[in-house]
Amino acid sequence: MNKPDLLRTFVGVSELSSFTQAADSLGLPRRVRVFMDWLEALIEREVRWPLAG
């Protein structure tokens, strides 16, 4: 990925507040979308865990 692609991806994630939705809107391959969905779930779980207890 070159810098403009990285910036476009960052902006997409920021605007949509979702890795998965950004991957869909950017037309990324399914394999990338599945990974981004997993990453998003991992981040949510790790960020919320300390607040749950």
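For the sequence shown, full-length UniProt numbering assigns the number 1 to the initial residue and increments by one for each residue that follows.
Beta carbons are placed, not taken as given, at the ideal position from N, Cα and C, and that holds for glycine.
As the structure is a prediction and not an experimental result, all values here were calculated from the model.
Checklist entry - Alpha carbon to alpha carbon, what distance is there between V11 and P4? => result The C-alpha of P4 lies about 10 Å from the C-alpha of V11.
Checklist entry - Would you call the CB atoms of T20 and D37 closer than 8 Å? => result Between T20 and D37, the C-beta gap is smaller than 8 Å, which places the two residues in contact.
Checklist entry - When burial is assigned at 16 or more other CB atoms within 10 Å of the CB, is A41 buried or exposed? => result By the neighbour-count rule (16 or more Cβ atoms within 10 Å), A41 is not buried but exposed.
Checklist entry - Rounded to a whole number of angstroms, what is the C-alpha to C-alpha distance between D24 and V47? => result Each residue's alpha carbon lies about 24 Å from the other.
Checklist entry - Between the C-alpha atoms of V32 and S17, what's the straight-line distance to the nearest angstrom? => result Between V32 and S17, the C-alpha separation is close to 17 Å.
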